[in-house]
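Trainee:
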Amino acid sequence: SLVVLFGATAGAYGAKLGSDERELILLVWQVVDLHSKKVGTLHKSLVKADNLDLSDQCREVSGLTPEGLGKAEPLDRVLQQFSQLVSSDLKVLGRNSYTLCSDGQLLIRQVLHPETSKKNFLLSDCFYSFYDLRKEFHTCYPSSAPVKDQTIKTMAEYLGLGTDEAEEDFGVWQVKTMVAVIFSMLSEGCNHIFTEPETVKHKYETGPCLLWLFSHLPPCSSKSETVDSETVIRARGLPWQSSDQDIARFFKGLNIAKGGVALCLNSQGRRNGEALVRFVNSEQRDLALERHKHHMGSRYIEVYKATGEDFLKIAGGTSNEVAQFLSKENQVIIRMRGLPFTATQEDVLGFLGPECPVTGGKEGLLFVKYPDGRPTGDAFVLFSCEEYAQNALKKHKEILGKRYIELFRSTAAEVQQVLNRYMSTPLIPTLPTPIIPVIPPPYTIATGSIRDCVRLRGLPYTAGIDDILEFMGDATGDIKPHGVHMVLNQQGRPSGDAFIQMKSADKAFMVAQKCHKKMMKDRYVEVFQCSGEEMNFVLMGGTLNRSGLSPPPCKLPCLSPPAYAAFQTAAVIPAEAALYQPQALLPTTRTPQASAAAPPAVTYYPAQAAQLYMNYTAYYPSPPVSPTTVGYIAAPPGAVAAAATATHTPILPQPGALVRMQGLPYNTGMKEILSFFQGYQYAPDDYNGLIQLSDQARSVLQAPKEWVCL
4 SLVVLFGATA GAYGAKLGSD ERELILLVWQ VVDLHSKKVG TLHKSLVKAD
54 NLDLSDQCRE VSGLTPEGLG KAEPLDRVLQ QFSQLVSSDL KVLGRNSYTL
104 CSDGQLLIRQ VLHPETSKKN FLLSDCFYSF YDLRKEFHTC YPSSAPVKDQ
154 TIKTMAEYLG LGTDEAEEDF GVWQVKTMVA VIFSMLSEGC NHIFTEPETV
204 KHKYETGPCL LWLFSHLPPC SSKSETVDSE TVIRARGLPW QSSDQDIARF
254 FKGLNIAKGG VALCLNSQGR RNGEALVRFV NSEQRDLALE RHKHHMGSRY
304 IEVYKATGED FLKIAGGTSN EVAQFLSKEN QVIIRMRGLP FTATQEDVLG
354 FLGPECPVTG GKEGLLFVKY PDGRPTGDAF VLFSCEEYAQ NALKKHKEIL
404 GKRYIELFRS TAAEVQQVLN RYMSTPLIPT LPTPIIPVIP PPYTIATGSI
454 RDCVRLRGLP YTAGIDDILE FMGDATGDIK PHGVHMVLNQ QGRPSGDAFI
504 QMKSADKAFM VAQKCHKKMM KDRYVEVFQC SGEEMNFVLM GGTLNRSGLS
554 PPPCKLPCLS PPAYAAFQTA AVIPAEAALY QPQALLPTTR TPQASAAAPP
604 AVTYYPAQAA QLYMNYTAYY PSPPVSPTTV GYIAAPPGAV AAAATATHTP
654 ILPQPGALVR MQGLPYNTGM KEILSFFQGY QYAPDDYNGL IQLSDQARSV
704 LQAPKEWVCL
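The working numbering puts the sequence shown at residues 4 to 713.
(1) Could you name the residues of the same chain whose beta carbon sits closer than 6 Å to that of C61, not counting the 5 residues immediately before and after it, in chain order?
(2) Compare the beta carbon distance of L290 and A238 with 9 Å and say whether it is the shorter of the two.
(3) Just to confirm the assignment, what range does the alpha helix (DSSP H) spanning H116 have?
(4) Sort D92, Q665, N423 and F253 by Cα distance to E24 and report the nearest one.
(5) Is it buried or exposed, E473, if we count other Cβ atoms within 10 angstroms and call 16 or more buried?
(6) What residue range does the alpha helix (DSSP H) around K179 cover?
(7) Do the CB positions of E293 and G43 come within less than 9 Å of each other?
(8) Any idea what DSSP makes of D455, helix, strand or coil?
(9) Would you tell me roughly how many angstroms separate the C-alpha atoms of V457 and A515, rounded to the nearest one?
(10) Any beta-carbon of chain D closer than 9 Å to the one on F314?
(11) With a threshold of 8 Å on Cβ separation, who are the neighbours of H195 within its own chain once the five nearest residues in sequence on each side are excluded?
(12) Excluding the 5 residues preceding and the 5 following E208 in the sequence, name in chain order all residues of the same chain whose CB lies nearer than 6 Å to its CB.
(13) On the DSSP letters alone, give me the boundaries of the alpha helix (DSSP H) that L93 sits inside.
(14) Counting C-beta neighbours from all protein chains within 10 Å, is the total for V34 16 or more, i.e. buried, or is it exposed?
(15) Here's a check: name, in chain order, each residue in its chain whose Cβ is nearer than 6 Å to the Cβ of D525, leaving out the five neighbours to either side.
(16) Quick one, which of S387, F386 and E409 has its alpha-carbon nearest P343's?
(17) Taking the straight line between their C-alpha atoms, what separation do you get for T465 and P497?
(18) Would F173 and S65 be called neighbours here (beta carbons separated by less than 9 Å)?
(19) Could you check if F133 is buried or exposed, using at least 16 other CB atoms within 10 Å of its CB as the buried criterion?
(20) What residue from G276, N423 and D152 has the CA that sits closest to P242's CA?
(21) Measure the C-alpha to C-alpha separation of T310 and K398 and round it to an integer number of angstroms.
(22) Locate the alpha helix (DSSP H) running through R252, then write down its first and last residues.
(23) For F743, report the span of its beta strand (DSSP E) as first-last.
(24) Rounded to the nearest angstrom, what separates P69 and R424 at their Cα positions?
(25) With a Cβ-Cβ cutoff of 9 Å, do Q504 and G486 count as a contact?
(26) Using only the alpha-carbon positions, how far apart do S245 and E675 sit?
(27) Helix, strand or coil for L342? Go by DSSP, reduced to three states.
(28) Between which residues of its own chain and W32 is the CB-CB distance below 6 Å, once the five residues before and five after are set aside?
(29) So F540 is in the alpha helix (DSSP H); what residue range does that whole segment cover?
(30) Determine the closest residue to L103 out of S285, A52 and Y131, with distance taken between C-alpha atoms.
(31) Just list the residues that DSSP pairs T202 with in beta bridges.
(32) Which class does T157 belong to by DSSP, given the choice of helix, strand or coil?
(33) Between which two residues does the beta strand (DSSP E) holding I503 run?
(34) With 16 other CB atoms within 10 Å as the buried threshold, where does A265 fall?
(35) Any idea if G107 is buried or exposed, counting beta-carbon neighbours within 10 angstroms, 16 or more meaning buried?
(36) Evaluate contact between the stretch 362-378 and the stretch 398-407, counting only Cβ atoms and requiring at least three cross-stretch pairs below 8 Å.
Structural data, given as structure tokens:
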């Protein structure tokens, strides 16, 4: 038997059903006996939603009102009534089992499963298997419209069924028409058989997939698994403490591939709020994209397309040791961080205790080490069930030796990432190769009133420099060197804005006229002509709107003493970002002796980053801070010495002479910083020849020896 099921939410209808997270407000169903071709009673039940604010489309299509829904039962009670009434109808028809049949995938996968998951009650087993009438219809009638274009109305029209939608209540007509379509498919001319229902996975399967287990084998190996780019998405904005199970719950109703959740880590090995998720097929991936900006708790999650290559970078591994560790099925993985370097397997097992036994004893432990065998303080532990893992997590920040230990849920992909990161660390730190030494020409951001710049607003958050250059088309040849400036927010993510410095005001005007409201990916981008002064205002944290310029919340000359503008650090600039140069942002200092002694920067560009326009500066809103995505690596001593000889300007004698502090209160002064480092000695005489100090700054630095010079 089939139970033909139709439903509607308080929001979008049709192809967008469930995409707006609105709650279910209507269920209509009827039992169909496929053998006797008899039907049971048609049932229609309203559902009381927590939010009774109906969309205009819902009011127009369904004819329902908040007043009528306010008298209905909540979803959990309606589903109980559904089970009872279906059982009663089956008994009348002499049947005892059934499978649901719905118009497409959306009602089951995008509405019922996500909503019940958020409301913390379980669906009965019948909702984990169903027939998609659209697919069954296309199988029975191959010459009909493609599955994605099918609707109840188009199926009825194809069969020539004379049903009038206006004569029936909303939902009743849909179910009656679906039943008529099913009977047509069962007729002697077709004899369609319902044999392969759609399935919804009850739970996410953790552990490694063949991709991880055999990725160390040659590509031609029959055991290796490829990753289809049409099955992968990137989720962004996740709470840092979210686990793979939390992400699987966010995508409840969709089938994620085994081990298909890969949490992304930052350069420090900590989770960065992103994850790559691999689904079993492209259809599931497309449904996942419809959950863009759905909520996990109070946070909305952004969902974008990703590639198989992206997934391999995060989830792929090359270690036999890791493959063996992850080969145990259905294990819960816990990550331990902060272990003493002398900790042994016996110490870790003793710390966990008998209440949380490790799978396989010592074989269930994996210590993370550097290539030379030195411990990193990290380890991964396998547990056979959720209960043991929960007992282990209760030991978070308990003491082992003289250190407190952090414990977190982990995933197979995180194991791969952490091991790959540490195992790829060179034994002797070296600069990346090839390196091209470049002493860049003096460069500052224009601050004049000439309108030779353009502002791009509304960029897709995934847009990069290549996308902007492609968007500009032939006008890329008129961009000044290093003239593309991406504006990032305080979390280091793209804000959707960018500024471009053109070679002349005429060129800027032409670009604004040509590219305004031109499409980039799936969004149109606004392009405005502006001046260097206006651009600088926004890059320094101000706002630029129709009412004019709004200055940054803080005055830039007060950010630090003038003498500190003289500091320059030799650096390696990654391909995706250029060195954040404070001297290009701060206005000219008011002390002439400070500005006169500024040493030139020695900058190193990797070969792949030396292309024109590929290096850009990332700016944050006020108060300005150095981008956390930029890596600072000391330049070779020979290059620094050569630069010093050429300019006769003293250079700091060693890379360790400077430290950078992040997270300072905005009202912090020099004395507070020096007090923070109280107890560390320095030699003021070593610095007098390096930095031109004002009298006030010199008097502070020549204070007692327990202060440190930054």
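Every residue, glycine too, gets a C-beta built ideally from N, C-alpha and C.
Mentor: The structure says:
(1) A13
(2) no
(3) H116 to K121
(4) F253
(5) exposed
(6) V175 to L189
(7) no
(8) coil
(9) 7 Å
(10) Among the chains in the structure shown there is no chain D, since it carries only a single protein chain.
(11) E139, T142, C143, M188 and L189
(12) K261
(13) L78 to L96
(14) buried
(15) none
(16) E409
(17) 8 Å
(18) yes
(19) buried
(20) G276
(21) 38 Å
(22) D247 to F253
(23) The chain is shown only over 4 to 713; residue 743 falls outside these bounds and no answer can be derived.
(24) 55 Å
(25) yes
(26) 37 Å
(27) coil
(28) V6, L8 and H46
(29) G535 to L542
(30) Y131
(31) S132
(32) helix
(33) P497 to M505
(34) buried
(35) buried
(36) no
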